[in-house]
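Note sheet for the following structure.
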Amino acid sequence: MNVLGIVGSPRKDGNTQIMVEEVLSTTREAGAETDIYLVYDKNIQGCDGCHSCAQNKGICKIKDDMQALYKKMEWADAIVLGSPVYFNYVTAQAKAVIDRTFCYLFSRKLTGKVAAPVLSLRRIGAGQTRVQLYGWFLSQGMVPVRGAVGYGPEKGEVRKGVGGGINITAMEECRNTGKEIIDWFKKLGVK
Ligand SMILES: Cc1cc2nc3c(=O)[nH]c(=O)nc-3n(C[C@H](O)[C@H](O)[C@H](O)COP(=O)(O)O)c2cc1C
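For the sequence shown, position 155 matches number 154 in numbering that gives the first Met the number 0, and the numbering has no gaps at all.
What follows is the structure, given as structure tokens:
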């Protein structure tokens, strides 16, 4: 049971990272191995639309930090994609990661992996941003779980923030997301 958390925030130690870490620690308690990837200090270009991956067994020719992230994504049985909401969508950094998985449409290497959205935000845009992430998961043939939403205006405030559901804190939603991932591993027979 390998779980990769990707933190699509441009700032370190922010609300998204706190939330993704909470999801990962819950899966570790159930025996999963975890890894976390922070994009804030990485060089990940957007997809340049060259389509060479279509002829090249689904391999992307852009030599940047995404190459290391591809290896981590392939290692994972579940991917937790975390992003702050920026103007009602994921961050540019998270979208670059998403677009660079165009190559996986040819290799199908993400198909069947469990996928969880994790979003932090001040107030507006959780619903549509979550749908944006579900759209990516479904395009890749991944198995989406509900995921977590956390309201935390300033850095670190998500620790005390509410979640997206009724009468639930952001941190409780993160722990529930970790449990959902483990439940799906059991249903899918992931060891
Ligand atoms: C450029 C920018 C755009 C933002 N847009 C939104 C938004 O549309 N809706 C919202 O509720 N919060 C918005 N926020 C607030 C962040 O989503 C929020 O502070 C989030 O918790 C930051 O996560 P982080 O600490 O992981 O970076 C925006 C912040 C920035 C810097």
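Yeah, the Cβ is synthetic: ideal placement off N, Cα and C, and Gly gets one too.
Since the model is a prediction, treat every value here as computed from it, not as a measurement.
Does any C-beta atom of chain C lie closer than 8 Å to the C-beta of residue i?
i, result
"Lys-94", "No chain C appears in this structure, which consists of one protein chain only."
Opposite residue i in the DSSP bridges: which residues?
i, result
"Val-2", "Thr-33 and Ala-77"
"Gly-162", "Gly-149"
"Pro-143", "Ala-114"
"Thr-168", "Val-161"
Am I right that residue i and residue j are in contact with their C-beta atoms under 8 Å? What's the rounded C-beta distance?
i, j, result
"Lys-11", "Tyr-39", "5 Å"
"Ile-78", "Lys-41", "In fact, because the Cβ distance is near 16 Å, the residues do not count as touching under 8 Å."
"Val-148", "Gly-163", "3 Å"
"Val-84", "Thr-128", "5 Å"
"Phe-184", "Met-0", "5 Å"
"Thr-168", "Gly-160", "7 Å"
With burial defined as no fewer than 16 other Cβ atoms inside 10 Å of the residue's Cβ, what is the status of residue i: buried or exposed?
i, result
"Ile-123", "exposed"
"Ala-53", "exposed"
"Ser-82", "buried"
"Val-130", "exposed"
"Ala-67", "exposed"
| task | Evaluate the contact criterion for the segment 106-123 versus the segment 26-33: three or more CB pairs, one atom per stretch, below 8 Å. | result | Three or more beta-carbon pairs separated by less than 8 Å are not found between the segment 106-123 and the segment 26-33, which leaves the two stretches without contact.
| said: Check whether the segment 173-186 and the segment 110-120 are in contact - that is, three or more C-beta pairs closer than 8 Å. | reply: Short answer: they touch.
| Ranges of the beta strand (DSSP E) found wholly within the segment 47-133, counting only runs of at least 3 | Residue ranges of uninterrupted beta strand (DSSP E) with 3 or more members, entirely inside the segment 47-133 and ordered along the chain, are 77-83 and 113-120.
| task | Examine the Cβ distances between the segment 45-58 and the segment 3-19 and report whether three or more of them are shorter than 8 Å. | result | Taking a contact to require three or more Cβ pairs closer than 8 Å, the segment 45-58 and the segment 3-19 do not qualify as touching.
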